[in-house]
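Everything below concerns the one structure shown next.
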Amino acid sequence: MMEQRRSNLHLKAIPIMARLHFWRPSLLTACTCWLLLAGAGCAASDDAEFTIGSVERYEECLTTASPIRPKMLAARERVNTIGVFMQTDHRLPSVSDLVYLEVYQPKLVRSRLGEPFELADPLELEDDEEFDEPPVIRGVIAFSETCPELKETFALRGTVVFNQLGAENGAIVQGELVDGVIVSTRDENVVARDVTGSWEFTVDTRRPNQYFPSYREEIPRGPLP
């Protein structure tokens, strides 16, 4: 009994961060944390909202989903691009209402902060894999939390303005979406119009879930995210 008490006291004396060293994430855990990989930044607080003004399809679903108020905001830098995640669930996009922006040319966007950029049309993908020319920004939207039966990630068109765009620790990501249009990538029909939104958050790369490394070395070209 005395030896057991000594063992417990020894464990209590170990700092909590040191004890975390004994934990080893499973492959499944690592996979489910893919969007919060090393280099990703999480928002300390929720400061984003998107509103759908005019619904043309899936009315019950989209009306219920709007306004979308993301709880998890992150900016992940990979190769020469920055992925901006804004979703209602801290887990996978597959269980979230999600707005995702892939900034293919961050240097260009940073040189023109405050200026509008048209979102690239994913329907212009060549053989569903590559753009004829590299886009500046591309976007998608999904409603997997509100409508799990609606198994489709929609193309997002419209105009995006970034006033600040960073991916390093402490950087600010701030911008807005205007004149947004949601389009089905299956039949190219318009799902909703007048989608607007704004976001602002501080990148924080110091969280434990940043320890999962990202080895993706190619510019994303196919379906997003």
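Going by mature numbering (1 follows the signal peptide of the UniProt record, and there is no 0), the letters in the sequence shown line up with residues -43 to -1, 1 to 182, in that order. The C-beta atom is built at its ideal place from N, Cα and C for all residues, glycine as well.
With contacts defined by Cβ atoms closer than 8 angstroms, Thr162 and Asn126 form a contacting pair. In this structure, Gly132 keeps its C-beta atom at 8 angstroms or more from the C-beta atom of Gly115. Taking C-alpha positions only, Thr142 is separated from Ser155 by approximately 24 angstroms.
Beta-bridge annotation (DSSP): Leu113 is paired with Gly96, Ile139.
Where Ser68 is concerned, the enclosing alpha helix (DSSP H) starts and stops at 63 to 68.
Of the candidates Phe74, Pro79, Ile9, the residue whose Cα lies closest to the Cα of Glu145 is Pro79. Closest by C-alpha distance to Leu49, out of Val135, Glu102, Ala149, is Glu102. The DSSP assignment places complete alpha helix (DSSP H) segments of no fewer than 4 residues inside the region 4 to 64 at 16 to 22, in order along the chain.
C-alpha of Gln121 to C-alpha of Gly96: approximately 17 angstroms in a straight line. Per the C-alpha coordinates, the member of Arg67, Ile98, Val135, Thr21 positioned closest to Ala128 is Arg67.
The C-beta of Thr21 has fewer than 16 other C-beta atoms within 10 Å across all chains shown, which makes the residue exposed.
Residue burial annotation: Glu59 is buried, with at least 16 other C-beta atoms found within 10 angstroms of its C-beta.
Taken atom to atom, the span from the alpha-carbon of Phe74 to that of Val135 is near 10 angstroms.
Around the Cβ of Pro105, a 10 Å sphere holds fewer than 16 other Cβ atoms; the residue is exposed. Distances from the CA of Phe42 to each of Ala5, Glu109, Cys18, Val140 were compared; the closest alpha carbon is that of Ala5. At the C-beta level, Pro24 and Thr8 come within 8 angstroms of one another.
With distances taken between CA atoms, Val52 lies nearest to Pro27 out of Pro27, Ile94, Pro92. Short of 8 angstroms from the beta carbon of Leu70, and not among the five residues preceding or following it, lie these beta carbons of its own chain, in chain order: Phe119, Asn120, Gln121, Leu122.
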